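A quick write-up on the structure given underneath.
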Amino acid sequence: MEDRIQIFDTTLRDGEQSPGYSMNQEEKVKLALQLERLQVDVIEAGFPISSEGDFKTVKAISNEVQNCSVAGLCRTRKPDIQRAADALEKAAHPRIHTFIATSDIHMEHKLQKSRQQVLEYAVEAVEYASSLCEEVEFSAEDASRSDPEFLYEIFTEVINAGAKVINVPDTVGYALPWEFGELIRGIRENVPNIDQATISVHCHDDLGLAVANSLMAIRNGAQQIECTINGIGERAGNASLEEIVMAIQTRQQEFDHYTTINTKEIYPTSQLLTDVTGKQVQPNKAVVGENAFAHEAGIHQHGVLKNPMTYEIMTPQSVGINSNKIVLGKHSGRYALKERIKELKYKLNEDQIERVYQKFTKLCDDQKVVREDELIELVERVINQESDQKMNRTASESETTKSYSHQKVQ
Ligand SMILES: [Zn+2]
Numbered sequence: 016m017e018d019r020i021q022i023f024d025t026t027l028r029d030g031e032q033s034p035g036y037s038m039n040q041e042e043k044v045k046l047a048l049q050l051e052r053l054q055v056d057v058i059e060a061g062f063p064i065s066s067e068g069d070f071k072t073v074k075a076i077s078n079e080v081q082n083c084s085v086a087g088l089c090r091t092r093k094p095d096i097q098r099a100a101d102a103l104e105k106a107a108h109p110r111i112h113t114f115i116a117t118s119d120i121h122m123e124h125k126l127q128k129s130r131q132q133v134l135e136y137a138v139e140a141v142e143y144a145s146s147l148c149e150e151v152e153f154s155a156e157d158a159s160r161s162d163p164e165f166l167y168e169i170f171t172e173v174i175n176a177g178a179k180v181i182n183v184p185d186t187v188g189y190a191l192p193w194e195f196g197e198l199i200r201g202i203r204e205n206v207p208n209i210d211q212a213t214i215s216v217h218c219h220d221d222l223g224l225a226v227a228n229s230l231m232a233i234r235n236g237a238q239q240i241e242c243t244i245n246g247i248g249e250r251a252g253n254a255s256l257e258e259i260v261m262a263i264q265t266r267q268q269e270f271d272h273y274t275t276i277n278t279k280e281i282y283p284t285s286q287l288l289t290d291v292t293g294k295q296v297q298p299n300k301a302v303v304g305e306n307a308f309a310h311e312a313g314i315h316q317h318g319v320l321k322n323p324m325t326y327e328i329m330t331p332q333s334v335g336i337n338s339n340k341i342v343l344g345k346h347s348g349r350y351a352l353k354e355r356i357k358e359l360k361y362k363l364n365e366d367q368i369e370r371v372y373q374k375f376t377k378l379c380d381d382q383k384v385v386r387e388d389e390l391i392e393l394v395e396r397v398i399n400q401e402s403d404q405k406m407n408r409t410a411s412e413s414e415t416t417k418s419y420s421h422q423k424v425q
């Protein structure tokens, strides 16, 4: 089994489909080039038949991106596939991604087709796509709610028809990790020609399990993970790229797998997406949230300042963030305060630090966090107070001397 996990990014397709995340062509090309720097394996650039804009964007991205595969999504209909192939014409590594639903509920209510018909559509689509493009991926939409026996059958047939990647989506975010792992293992064991294709998964986060399900899939034989930056996507979103990649990297020994993602580009990519869409990630978001590497509790701060590994399982630098953030607030202790004062290049003695600390705790009663400029003001006040006192002292000393000398003269 291939140890390398391929990262298929669908930020520009599934991610963009979510409310408030639409992007124009220029923005998408910019993001695609950043995804290339991040070194994802596949960029799903859009759904070319869905609109003229999507077609042009997939075309533009195909022209620009050199080092990743560029995928275009299409249903199993010939005009869809042709449109995707046209949009991908100039891509260095084009991939046609065709899909059809395989769960009884979707086949009956959405498609109004029988299993046999769906099977025929899938095979015809993959054959046609393979005649236009070497890399063809087939997705069984709503796979996690499909009859596994039907999945084995349809995957066997599409691989025979030329599919190089078979994708198993948990379209509605319904699967539980152990269940999903078993589904992947079942596919690996019951699809006789599975060695001719890569197993891919595409998980949604409706129950907050998209990343867990993806990781279970890896343990059971999946070699490609579909995911998005910041976990954006339909409804509750997709599996988040940064969480998957950092879980594999941080717990490498548990996985025996790796990705070729340049992790230092994770944060810049996340930032670019929030800049472009104007949508921030929540502060406690794993890996890229504002608080992901922030420490406020005094004990934690003391530990992190002595050795970051005490409370950090990965370094902020490894994901492209310059440093951890020691947040000064009411849970911070003297140690963190002292270190920050040192960082600000002030040299205070113990007594002065104690006075700053007293003022600092008073301020913390009124506000949650003390900003850097406020801390500087506190430090300056303590220093100035002292020099005032000194000056007063010197002044009154010379007064005394003066009056003494005066007395003396008298
Ligand atoms: Zn999706």
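So the sequence shown is numbered by this note's numbering: it starts at 16 and just counts up by one. Here a beta-carbon is modelled for each residue, glycine too, at the ideal position from N, C-alpha and C. Since this is a predicted model, take the numbers as computed values, not measurements.
- Scanning 344, 216, 98 and 322 for the CA closest to the CA of residue 159 turns up 216.
- In this structure, residue 235 lies near residue 199, with their beta-carbon atoms less than 7 angstroms apart.
- For residue 221, the distance from the CB to the nearest heavy atom of ligand 1 is not below 6 angstroms.
- Residue environment: residue 174 is assigned as buried (16 or more neighbouring CB atoms within 10 Å of its CB, all protein chains considered).
- No heavy atom of ligand 1 is found nearer than 6 angstroms to the CB of residue 95.
- DSSP places residue 242 inside the beta strand (DSSP E), whose first and last residues are 239–242.
- Between the stretch 186–205 and the stretch 144–151, the count of Cβ pairs shorter than 8 angstroms is below three; the stretches do not touch.
- DSSP places residue 218 inside the beta strand (DSSP E), whose first and last residues are 213–218.
- Residue side-chain check: residue 157 keeps its Cβ at 6 angstroms or more from all non-hydrogen atoms of ligand 1.
- Here the C-alpha atom of residue 265 lies approximately 15 angstroms from the C-alpha atom of residue 227.
- A residue is called buried once 16 or more other Cβ atoms fall within 10 Å of its Cβ, and residue 381, having fewer, is exposed.
- In this structure, residue 381 has its CB at a distance of at least 6 angstroms from all heavy atoms of ligand 1.
- Three or more Cβ pairs closer than 8 angstroms define a contact, and the stretch 356–376 falls short of that threshold against the stretch 314–332.
- Burial state of residue 211 is exposed, judged by a 10 Å Cβ sphere holding fewer than 16 other Cβ atoms.
- By alpha-carbon distance to residue 271, the top candidate from 263, 343 and 248 is 263.
- Collapsing the DSSP output to three states places residue 68 in a helix.
- With respect to residue 44, residue 24 sits apart: the two C-beta atoms are not nearer than 7 angstroms.
- Around the Cβ of residue 121, a 10 Å sphere holds 16 or more other Cβ atoms; the residue is buried.
- Ligand 1 never approaches residue 69 closely enough for any of its heavy atoms to be under 6 angstroms from the residue's Cβ.
- Of the heavy atoms belonging to ligand 1, none sits nearer than 6 angstroms to the Cβ of residue 162.
- The three-state reading of DSSP puts residue 110 in strand, counting E and B together.
- Exposure of residue 66 is indicated by the presence of fewer than 16 other C-beta atoms within 10 angstroms of its C-beta.
- A distance below 8 angstroms between beta-carbons, with the five flanking residues on each side excluded, links residue 172 to the following residues of its chain, in chain order: 134, 137 and 138.
- Per DSSP, residue 175 is not a residue of any beta strand (DSSP E); the alpha helix (DSSP H) it occupies stretches across 163–175.
- Residue 229 counts as buried, since at least 16 other C-beta atoms from the protein chains shown sit within 10 angstroms of its C-beta.
- Taking 6 angstroms as the cut-off, one finds at least one heavy atom of ligand 1 near enough to the beta carbon of residue 29.
- For residue 375, there is no enclosing beta strand (DSSP E); the residue is part of the alpha helix (DSSP H) that begins and ends at 365–381.
- Secondary structure note for residue 44: its alpha helix (DSSP H) is the uninterrupted segment 40–53.
- Looking only at 305, 224, 346 and 301, the smallest Cα-Cα distance to residue 312 is reached by 346.
- In the displayed model, residue 88 falls within a strand according to three-state DSSP.
- Residues of the same chain with a CB within less than 6 angstroms of the CB of residue 404, apart from the 5 flanking positions on each side, do not exist.
- Close CB contacts of residue 251 within its chain, under the 7 angstroms cut and outside five residues either way in sequence, are with 188, 219, 220 and 221 (chain order).
- Annotation: the continuous alpha helix (DSSP H) that includes residue 291 extends over 281–292.
- Residue state for residue 313 is assigned as helix, using DSSP reduced to three classes.
- The residue from 83, 308 and 364 with its alpha-carbon nearest to that of residue 337 is 308.
- In this structure residue 153 does not touch residue 213 by the C-beta definition: roughly 11 angstroms separates them, more than the 8 angstroms allowed.
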